[in-house]
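Since the structure comes first, as structure tokens, the remarks are kept for the end.
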DNA sequence: TCAGGACTTGACTGCGCGGTCAAGTAGCCT
DNA sequence: AGGCTACTTGACCGCGCAGTCAAGTCCTGA
């Protein structure tokens, strides 16, 4: 869309995105009509189409915003830590914190992955997340902190553990983010730090 | 629905379920209309509603069938293996094999998880999968094969690693199931076994 | 051969929803 | 004041789709 917005307009837009995020997460994207959104905010339908070209555009915008914010949070958390494994750990912890205060977004991303129309948006975000994680893993390999393995696969595994425990433990049972992060790190660490004598696993290119 | 079906009727039903599985996976549940399904099979719309009460019922039926089949495959794979960690490994390998020949189902389950109407069906399946995995983990803990930790969380982590590598490596890049299984097991093993025990279990081709 | 149940047809209905638009109103700069 | 632009309204349109149904046809067992 890209319209020139006054501060008031900006505020309306945010209001729409916030409300839509909550409704989409609670009710589902398809089951939440544009009419429901504008009614919920007590405005006319035209307001919606003033700020967004379509329901789809709004959703993509929500995703982009969320992914950007999470990534920023992670980089801020890592800060000036220099020990590779500690960097990875900080990234995991900050993601978990972030998800715990943005539960709706988690639900939306899971949904978006299953919908062809949002696939490209999601893939981009996932590529970024994977590249970031992979970089942290590679640093750890380079400094000898963990044995040499396929960094991409290991990075995906770490993301997988984070992701499922975020879903089940953090969102499902409502356990504290720090506890869940502990468990993710515990599982990943013993997975990452092999014993010194046993570096030779059957590698697959 | 539960109608008395002749062998021919049974066959039609399966035809519908098979075609629908493919279309739903390729095109999405919402974007695939009942009309598209019956047209694709060259039959009238009434046929569909003779065998299923609704599109939703059909989908749930597909899910149930798939989950049952996967579970059966796992138990058959485990067979009479008695070493706990080897049992877990066999379960992982058989899942990966199964997913590689039922890619459509994977996509459908991921979708179903995001849709409120299918949540209960999915939760049930997930509870079963978790309970099965948890049991295998607990056996390994009891025999001292791996250190004592929260079996539920560890089981979820294992499922998470399997799940994400199935998605990215098996379905995404189209790598062989056995290679991906190797990587899942490699990551999980070093996560599970804290010490350099090198009692690697036999591979089953 | 015929009854009756299993299966099939496809036009039709009803409706929910995404998106449009002509006609406003509010706020701000000159 | 007056004019320009940002914003708002809500009735309306048209489409696509899940689901119905009255009227068939096919098959099987007695």
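Residue numbers (the working numbering), protein chains in the order written: chain A, 71 to 275; chain B, 71 to 275. By construction, the Cβ of each residue, glycine as well, lies at the ideal position given by its N, Cα and C atoms. The structure presented is a predicted model; accordingly, all values stated were derived computationally and were not measured.
Task: 7 angstroms Cβ cut-off: residues of chain B touching residue 229 (chain A) - done: Counting from 1 along the first chain, the entry for residue 229 (chain A) is found at position 159. Those within 7 angstroms of residue 229 (chain A) in chain B are 234.
Open item on the list: Do residue 236 (chain A) and residue 155 (chain A) have their beta-carbon atoms positioned less than 7 angstroms apart in this structure?
Closed with: Here residue 155 (chain A) refers to the residue found at position 85 of the first chain. Here residue 236 (chain A) refers to the residue found at position 166 of the first chain. For residue 155 (chain A) and residue 236 (chain A), no; Cβs fall outside 7 angstroms.
Task: Close-in-space but distant-in-sequence residues of the same chain around residue 108 (chain A) (CB under 7 angstroms, 5 per side omitted) - done: Position 38 of the first chain holds residue 108 (chain A). So the list reads 114, 115, 117, 118, once near-sequence residues are dropped.
Open item on the list: Residues of the stretch 160-184 of chain B in Cβ contact with chain A at a cutoff of 8 angstroms, in chain order, please.
Closed with: 177, 180, 181, 183, 184
Open item on the list: Mapping the DSSP letters down to three states, classify residue 102 (chain A) as helix, strand or coil.
Closed with: Position 32 of the first chain holds residue 102 (chain A). Three-state result, residue 102 (chain A): coil.
- [ ] Reducing DSSP to helix, strand and coil, say where residue 73 (chain A) ends up.
- [x] Against the first chain, residue 73 (chain A) aligns to sequence position 3. Looking at residue 73 (chain A) - three-state DSSP - the assignment turns out to be coil, as it is neither helix nor strand.
Task: Contacts of residue 226 (chain A) in chain B (Cβ-Cβ under 8 angstroms) - done: Along the first chain, read from residue 1 onward, the residue named residue 226 (chain A) stands at position 156. Under the 8 angstroms cutoff, chain B gives 234, 235, 238, 239.
TODO: Run down chain B in chain order and give the residues with a C-beta less than 7 angstroms from the C-beta of residue 186 (chain A).
DONE: Within the first chain, numbered from 1, the residue matching residue 186 (chain A) stands at position 116. Neighbours of residue 186 (chain A) on chain B, chain order: 98.
Open item on the list: Using a Cβ distance threshold of 8 angstroms, determine whether the stretch 248-259 of chain B contacts the stretch 161-175 of chain B, with at least three qualifying pairs required.
Closed with: yes
- [ ] Give a yes or no on whether the C-beta atoms belonging to residue 182 (chain A) and residue 203 (chain A) are separated by under 7 angstroms.
- [x] Here residue 182 (chain A) refers to the residue found at position 112 when the first chain is read from its first residue. Here residue 203 (chain A) refers to the residue found at position 133 when the first chain is read from its first residue. Not in contact: residue 182 (chain A) and residue 203 (chain A) (Cβ atoms no closer than 7 angstroms).
Task: Test: residue 223 (chain B) CB closer than 7 angstroms to a CB of chain A - done: For the purposes of this step, residue 223 (chain B) is taken as the residue at position 153 of the second chain. Closer than 7 angstroms to some Cβ of chain A, the Cβ of residue 223 (chain B) qualifies, so yes.
- [ ] Use the C-beta contact count for residue 166 (chain A): other C-beta atoms within 10 angstroms, 16 or more gives buried, fewer gives exposed.
- [x] As a working note, residue 166 (chain A) is residue 96 in the first chain. It is buried - the Cβ of residue 166 (chain A) has at least 16 other Cβ atoms within 10 Å.
- [ ] Can you have a look at residue 134 (chain B) and say buried or exposed, based on whether 16 or more other CB atoms are within 10 angstroms of its CB?
- [x] As a working note, residue 134 (chain B) is residue 64 in the second chain. Per the 10 Å Cβ criterion, exposed.
Open item on the list: If I follow the unbroken alpha helix (DSSP H) through residue 203 (chain A), where does it start and stop?
Closed with: Counted from its first residue, the first chain places residue 203 (chain A) at position 133. Counting along the chain, the alpha helix (DSSP H) containing residue 203 (chain A) begins and ends at 186-212.
- [ ] Can you check the stretch 223-265 of chain B for any alpha helix (DSSP H) of at least 4 residues that lies completely inside it and give the ranges in chain order?
- [x] 247-262
TODO: My understanding is that residue 223 (chain A) touches residue 253 (chain B), with C-beta atoms under 8 angstroms, so please give their C-beta distance in whole angstroms.
DONE: Position 153 of the first chain, counted from the first residue, corresponds to residue 223 (chain A). Position 183 of the second chain, counted from the first residue, corresponds to residue 253 (chain B). With a Cβ gap of about 5 angstroms, residue 223 (chain A) and residue 253 (chain B) count as contacting.
Open item on the list: Can you give me the C-alpha to C-alpha distance between residue 239 (chain B) and residue 72 (chain B), rounded to a whole angstrom?
Closed with: Counting from one through the second chain, the residue named residue 239 (chain B) turns up at place 169. Counting from one through the second chain, the residue named residue 72 (chain B) turns up at place 2. When rounded, the distance between both Cα atoms is 39 angstroms.
- [ ] Just tell me which of B:188, B:170, B:179, B:142 has its CA closest to the CA of residue 248 (chain B).
- [x] Here residue 248 (chain B) refers to the residue found at position 178 of the second chain. Closest by alpha carbon: B:170.
Open item on the list: Rounding to the nearest angstrom, what Cα-Cα distance links residue 198 (chain A) and residue 245 (chain B) in this structure?
Closed with: Working through the first chain from its first residue, we reach residue 198 (chain A) at position 128. Working through the second chain from its first residue, we reach residue 245 (chain B) at position 175. One C-alpha to the other measures close to 22 angstroms.
TODO: Could you pull the start and end residues of the alpha helix (DSSP H) that residue 151 (chain A) belongs to?
DONE: Within the first chain, residue 151 (chain A) is the residue found at index 81, counting from 1. Counting along the chain, residue 151 (chain A) falls outside any alpha helix (DSSP H), and DSSP gives it neither H nor E.
Task: residue 122 (chain A) - containing alpha helix (DSSP H), residue span - done: In the first chain, counting from the first residue as 1, residue 122 (chain A) sits at position 52. Unbroken run through residue 122 (chain A): none, as it is neither H nor E.
Open item on the list: Are the CB atoms of residue 87 (chain B) and residue 130 (chain B) within a distance shorter than 7 angstroms?
Closed with: Start at 1 with the first residue of the second chain, and residue 130 (chain B) comes out as number 60. Start at 1 with the first residue of the second chain, and residue 87 (chain B) comes out as number 17. Contact flag unset, no.
Task: Cβ neighbour criterion (16 or more within 10 Å) applied to residue 213 (chain A) - done: In the first chain, residue 213 (chain A) corresponds to position 143, counting from 1. The residue in question, residue 213 (chain A), is exposed, as its Cβ has fewer than 16 Cβ neighbours within 10 Å.
TODO: Assign residue 275 (chain A) to one of two classes, buried (16 or more other C-beta atoms within 10 Å of its C-beta) or exposed (fewer than that).
DONE: Translated into the one-based positions of the first chain, residue 275 (chain A) becomes position 205. With a pLDDT of only 31 at residue 275 (chain A), under 50, the local geometry of the prediction cannot be trusted, and the value read off the model is given with reservation. Residue 275 (chain A) should be labelled exposed.
Open item on the list: Is there a C-beta anywhere in chain A that falls below 7 angstroms from the one on residue 253 (chain B)?
Closed with: Here residue 253 (chain B) refers to the residue found at position 183 of the second chain. Taking Cβ atoms only, chain A reaches closer than 7 angstroms to residue 253 (chain B), which makes this a yes.
- [ ] Give me the Cα-Cα distance between residue 139 (chain A) and residue 168 (chain A), rounded to the nearest whole angstrom.
- [x] Taking the first chain and counting its residues from 1, the one referred to as residue 139 (chain A) is at position 69. Taking the first chain and counting its residues from 1, the one referred to as residue 168 (chain A) is at position 98. Looking at the two C-alpha atoms, the distance is approximately 9 angstroms.
- [ ] Buried or exposed for residue 144 (chain A), please, with buried defined as at least 16 other CB atoms from any protein chain shown within 10 angstroms of its CB.
- [x] Position 74 of the first chain, counting from 1, holds the residue named residue 144 (chain A). Residue 144 (chain A) comes out buried.
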